[in-house]
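The structure under discussion appears below in the form of structure tokens.
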Amino acid sequence: MSLDLVNWILISNNIVPEVTKDNYYINYWMPNVGYNRLTEQYVMIYWSSRYGFKNSQVALAVSSTPFGPFVNVQPLEMQGGKIISDTTNLFVDDDNTAYVRYNTRDEPLRHVVEKLSSDWMTTTGQFSVIFEKEDFPWYDGGGMFKRKGTYYTMLSFDCCFCQWGSDARIFSSTKILGNWTYLGQLNYCADGSAPPKHVTDMTINPCSIDDPFGTNFTVPAQQFNVATLPISSEETLHLYYGERFRSSNDGLKAHDFQAWIPIKFIDACLQPMQFLDNFTLNIDMEFKK
575 MSLDLVNWIL
585 ISNNIVPEVT
595 KDNYYINYWM
605 PNVGYNRLTE
615 QYVMIYWSSR
625 YGFKNSQVAL
635 AVSSTPFGPF
645 VNVQPLEMQG
655 GKIISDTTNL
665 FVDDDNTAYV
675 RYNTRDEPLR
685 HVVEKLSSDW
695 MTTTGQFSVI
705 FEKEDFPWYD
715 GGGMFKRKGT
725 YYTMLSFDCC
735 FCQWGSDARI
745 FSSTKILGNW
755 TYLGQLNYCA
765 DGSAPPKHVT
775 DMTINPCSID
785 DPFGTNFTVP
795 AQQFNVATLP
805 ISSEETLHLY
815 YGERFRSSND
825 GLKAHDFQAW
835 IPIKFIDACL
845 QPMQFLDNFT
855 LNIDMEFKK
């Protein structure tokens, strides 16, 4: 837990105790937590290899506190695809309506946003396809966020634990279940060039086709999500975060660093991301949303 994103207190090293029963053969990643004002519950969705790559279910858990313990409940049965691939995200709109963004393994490969019931325990079956394509590379999902009435979502190449990172393709819509439009690239190669639209497989560095240890992306991370952080009555920060695979000093994946990068706008125009060693936020400590 942190009040300033600098000083942190460890509350628990495992807020979903049940996963310790099978984590030696089941993988878990990308937990997302939202607070349902209607039910007064904290709800977590997360990716589980119990379902991912196998069916259309998404793991679901609930808790009375943000610190857990979270207890697994019946998984969500998504309707926009037959097989969930490898990324899931929870997005909560201003009116407390929740949506899940996920990518599919069944073709055409799709990124889908799907509306949940008012208690967030089931799907309504209403969904919209953000993007679809027929061939590799499939795109992993990043985060969804909303700014001044416009919804945004970020997608990227699947880099599968690569050290060069991945791109950040941004899509937008004025209606979350409406039509989505591709806006452009936010994470260019470090030499300023645009990454190609297509590579043959995930072992190829898009910024240096012939040398996996050549030029990396400007932000050498694979995006996981976007945090929406109200920091004052006047300002909301949208913070990209991604995994910097192979960045740990001891080689352990659990010790890899993350990249936290503020998403910047000039008026309504998104700006390309820059890799920052540090940045300063002016947080109103008296502000309460």
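Residue numbering for the sequence shown follows my numbering, beginning at 575 and increasing consecutively.
Glycine residues also receive a C-beta, built at the ideal position from the N, C-alpha and C atoms.
Does residue i pass the burial test, meaning 16 or more other C-beta atoms within 10 Å, or should it be called exposed?
i	result
Asp841	exposed
Trp582	exposed
Thr697	buried
Met728	buried
Ile658	buried
Thr678	buried
Leu817	Note that residue 817 is Glu in the sequence shown, not Leu. Glu817 comes out buried.
Phe839	exposed
Phe791	buried
Return the first residue and the last residue of the beta strand (DSSP E) that residue i is part of.
i	result
Arg679	Counting along the chain, Arg679 falls outside any beta strand (DSSP E), and DSSP gives it neither H nor E.
Met882	No answer is possible for residue 882: the residues shown for the chain start at 575 and end at 863.
Arg611	No beta strand (DSSP E) contains Arg611, which DSSP labels as neither H nor E.
Asn646	645 to 651
Ser702	697 to 707
Gln631	631 to 637
Thr854	Note, Thr854: premise wrong, no beta strand (DSSP E); not H, not E.
Ser730	724 to 731
DSSP beta-bridge partners for residue i?
i	result
Trp603	Trp621
Gly816	Gln797, Ala833
Ala672	Val666
Pro804	Thr810
Leu690	Thr697
Thr907	In the structure as shown, the chain begins at 575 and stops at 863. Residue 907 is therefore absent and cannot be evaluated.
Tyr762	Partner(s): none; Tyr762 has no beta bridge.
Taking Cβ positions, are residue i and residue j nearer each other than 8 Å?
i	j	result
Ser637	Phe644	yes
Gln832	Leu751	no
Glu708	Glu688	no
Val632	Met604	no
Trp754	Ser747	yes
Leu760	Leu850	no
Asp660	Asp741	no
With distances taken from CA atoms, which of the options is nearest residue i?
i	options	result
Ile640	Ser623, Tyr602, Leu584	For clarity, residue 640 is Pro in the given sequence; the question names Ile instead. If we check each option's Cα against that of Pro640, Leu584 comes out closest.
Val558	Ile657, Asp668, Leu650	No answer is possible for residue 558: the residues shown for the chain start at 575 and end at 863.
Ser730	Thr724, Leu577, Phe705, Thr671	Phe705
Thr870	Cys736, Arg684, Ile600	Because the chain spans 575 through 863 in this model, residue 870 falls outside it and cannot be assessed.
His812	Gly723, Met718, Lys749, Asn753	Met718
Gly716	Ser691, Phe745, Asp693	Phe745
Phe798	Pro591, Thr613, Leu664	Leu664
Gly766	Gln848, Tyr713, Ala828	Gln848
What do you reckon, is the C-beta of residue i under 7 Å from a heavy atom of the ligand ADP?
i	result
Asp668	This structure simply doesn't include the ligand ADP, nor any ligand for that matter.
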